[in-house]
Amino acid sequence: MSSKLIKGTAILTIGLFLSKALGLLYVIPFYAIVGEENIALYQYGYIPYNIALSIAISGAPLAISKFVSKYNALGDYATGRKILKGSMGIMVLTGIASFLILFFLAEPIARIVIANDEQTFTVTEIADVIRWVSFALIVVPMMSVIRGFLQGYNKMEPTAVSQLIEQIVRIIVVLAGAFIVVNFLNESPTIAINFAVFAATIGALASLGVLYWYWRRYKPEFDQYLKNSPQAGDVPVKEMVMEIITYIIPFVLVGLINPLYQLVDMLTFNKAMKSIGLSAVSHTYLGMLNFLTHKFVMIPVMVATGFSMALIPVITGYYAKKDQVGISRSLDQTYQIMMYLTVPMVIGISVLSNELYQLLYSKSDVGASILANYAPVAILFGLYTVTAAILQGIDRHKWIVFTSLLGLLLKLAINIPLIKLFETNGAILATTIGYIVAVGLNVYIIKKTLDYKSSIVFRRFVLIGILNLIMFIAVFFTLKGLTLMKPVDGKMLALLYVFICASVGVIVYGYLSLKTGLTQKLFGDRLKRITKRFGF
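Under my numbering, the residue at position 437 of the sequence shown is numbered 440, and the numbers go up by one with no gaps.
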């Protein structure tokens, strides 16, 4: 077991979990302030922003961490410092360019989104939201370089903490600003949403401050490494940047792929729904799919995201040293722990979809149905993230581009026909098919490239499946019993049922995992010593 991988993943996953949890919880008061009918406007701004943000920075932290860890593994710390200086200037220019592009493309994007004049929002309202959120792109790229450099030294804490502080500050500004605009200034929810999306800029500034503090803290240690390092080679910064760009393109695509799938929905959903006579509800349904339920679905994916960020520098180090045993051990560990943690969360969200949706938002059979059907796709999101990270670690960048674009093009080709047939579930089905193709090809390429075979992973997957089936039965019948006694008729009862059923699921799954020894095998000797004291 790789303690370095486990520690890095734990730090990043905890940080991501807290960040995602806050990102979900703040929707409750925000939903109450602006109303369900205006939620779609909020996500119309964030999807183009996330795409522009991914183009500007998503590849930088991971690509730079890969570059730095590669040279650090060879004892060449000077080259990593050299690329840090060169990358900062480039990221500033990238951020400004991304801001200008998104700012001036806001109106054309809005015109594509609107299917007809009878829909809820105007072109001007959607364009304004996109322009307000675009300012964050000026700030964010600078912090991406620092995060990547620190991750290259296996310093995962700064990334986790800075993301958490960024989220906290952003949420405070979103809620306080929206509440003041609506309740004290008596402005419309549309104005409140403009202010809320601008909070991304303020949160980014706070995150940059946190990263600067960590940089000052670690700089003496880095200077010591630099002192004992040979001088950086004569390779110009321009050539180093070109090497990083070859890393960045697939990294960018991995960061982009989920927002691009959402963009396909955003650009096609309203038109497809209009064609079947449902334009009156298309904004609401799209808001449920791309924002309200998506918040839930991305929580299980945090495990895979934490693994991918910790996995890339570890795999790159093993690959640079040609350590096949280390690579295989890391892959075994990653697949098993990711599925062990992700699958029960997905099952819990699906079974408790009615109660969760009512708890956070309001009672809605449509919203709960979308959540139940969308939640299992989180497993594919996670597998895509992890398999793409493995391909990046072993320098199979072209395959990432190919498999990702193939899945996306498939989604684009079948999205409108499936929406016409199955409405919102058609969009979910198109996403599922696109990800299945991309993940399946990624797994095949990893197997062929590394000659990777692991019967233990297959056996553990079977065991994890059996334990989750037992947990599902326990939670399902617990919920049925509760609802037979008293149907859910408010948020407090929904919270109680969620708590009871989640507790049953954790107890059953945890007990069976410990009793079979699965948890001890996955998380190592230290946990084994602790659980032995309790009779496991």
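The beta-carbon is built from N, C-alpha and C at its ideal position, and this holds for glycine as well. All values reported here derive from a predicted model rather than from experimental measurement.
How would you call Y29, buried or exposed, if buried means at least 16 neighbouring beta carbons within 10 angstroms? A buried status is given to Y29, since no fewer than 16 other beta-carbon atoms sit within 10 Å of its beta-carbon.
Put T97 into one of helix, strand or coil per three-state DSSP. Note: T97 maps to helix in three-state DSSP.
Quick one: give me the first and last residue of the alpha helix (DSSP H) that M159 is part of. For M159, no alpha helix (DSSP H) segment is defined, and its DSSP state is neither H nor E.
For my contact list, V501 and L359 are in at a C-beta cut-off of 8 Å; report their separation, rounded to the angstrom. The pair is a contact, with the Cβ atoms about 6 Å apart (cut-off 8 Å).
Selection from S68, L214 and R134 that minimises the alpha carbon distance to Q154: It is S68.
Inspect the beta-carbon positions of V184 and Y49 and report whether they are closer than 9 Å. It is not a contact, given that the beta carbons lie outside the stated cut-off.
Helix, strand or coil: how does DSSP classify K230 here? In this structure, K230 counts as helix in the three-state DSSP scheme.
Evaluate P420 with the Cβ neighbour count: other Cβ atoms within 10 Å of its Cβ, from every protein chain shown; 16 or more gives buried, anything less gives exposed. By the neighbour-count criterion, in which a residue is buried when 16 or more other Cβ atoms sit within 10 angstroms of its Cβ, P420 is exposed.
Do you know offhand how far G290's Cα is from R173's? Straight-line measurement puts the Cα of R173 at about 20 Å from the Cα of G290.
Do you know offhand how far M4's Cα is from F187's? For M4, the pLDDT reaches just 43, beneath the cut-off of 50, and the residue's location in the model is therefore unreliable, leaving the point undetermined.
Which of the three DSSP states, helix, strand or coil, is assigned to S367? S367 falls in the coil class under three-state DSSP.
Could you tell me the distance, in whole angstroms, from the CA atom of Y321 to the CA atom of L453? Each residue's alpha carbon lies about 13 Å from the other.
Helix, strand or coil for R399, going by three-state DSSP, please let me know. The answer is coil: DSSP assigns R399 none of H, G, I, E or B.
Are V132 and Y45 touching if we call contact CB-CB under 9 Å? Contact: yes.
Taking the alpha-carbon positions, what's the R114 to M269 distance? Rounded to whole angstroms, R114 to M269 spans 12 Å at the Cα level.
Report the rounded CA-to-CA distance for L498 versus T486, giving the unit in angstroms. In this structure, the CA atom of L498 is about 13 Å from the CA atom of T486.
So, are the CB atoms of S353 and E39 less than 9 Å apart? Contact: no.
Less than 9 Å between the C-beta atoms of M146 and V95, yes or no? No, the Cβ-Cβ distance between M146 and V95 is not below 9 Å.
What do you get for W135, buried or exposed, if any count of 16 or more other CB atoms within 10 angstroms of its CB means buried? Answer is buried; the Cβ neighbour count reaches 16.
Do the region 424 to 444 and the region 471 to 481 meet, that is, are 3 or more Cβ pairs less than 8 Å apart? No contact exists between the region 424 to 444 and the region 471 to 481.
Opening and closing residue of the alpha helix (DSSP H) in which P490 lies: P490 -> no alpha helix (DSSP H), and no H or E assigned at all.
Whole angstroms are fine: how far does the CA of I431 sit from the CA of I279? Their Cα atoms are separated by approximately 18 Å.
Taking D131 as part of the alpha helix (DSSP H), name the residues at either end of that continuous run. For D131, the uninterrupted alpha helix (DSSP H) segment begins and ends at V126 to S137.
I117 beta carbon less than 9 Å from that of I104: No.
Under a three-way DSSP split, which group does V142 fall into? In the structure shown, V142 sits in coil (DSSP, three-state: anything other than H, G, I, E or B).
Looking only at C-alpha atoms, which of D368, R150 and F272 sits nearest to L87? The residue with the shortest Cα to Cα distance from L87 is R150.
To which residues of the same chain is N189 closer than 7 Å at the C-beta, ignoring the five residues directly before and after it? So the list is empty, once near-sequence residues are dropped.
Residues near M348 in its chain [Cβ-Cβ closer than 7 Å; skip 5 each side]: Around M348: I302 and P303.
Spatial neighbours of T522 within its chain, please: C-beta separation below 6 Å, excluding the five flanking residues on both sides. For T522, where only same-chain residues beyond five positions count, the Cβ hits under 6 Å are S516.
Could you tell me whether the Cβ atoms of V478 and L374 are closer together than 9 Å? Cβ distance not < 9 Å, so V478 and L374 don't count as in contact.
Please go through the region 275 to 335 and give each complete alpha helix (DSSP H) segment of 4 or more residues, from N-terminal end onward. Every alpha helix (DSSP H) of 4 residues or more that sits fully in the region 275 to 335 is shown, in chain order, as 282 to 290 and 296 to 323.
Minimum C-alpha distance to I31 - residue among Q395, F182 and L415: Selected option, being the one with the closest Cα: F182.
Looking at C-beta atoms only, is the number of pairs between the region 376 to 390 and the region 226 to 234 that lie closer than 8 Å three or more? Contact fails: fewer than three Cβ-Cβ distances are below 8 Å.
Rounded to a whole number of angstroms, what is the C-alpha to C-alpha distance between F138 and I205? Our two residues, F138 and I205, have alpha carbons roughly 10 Å apart in a direct line.
Residue of S333, N53, N75 and F70 minimising C-alpha distance to D398: A check of alpha carbon separations from D398 across S333, N53, N75 and F70 identifies F70 as the nearest.
Count the other CB atoms, across all protein chains shown, that sit within 10 Å of the CB of Y47; report buried if there are 16 or more and exposed otherwise. Counting Cβ neighbours within 10 Å, Y47 comes out buried, since at least 16 surround it.
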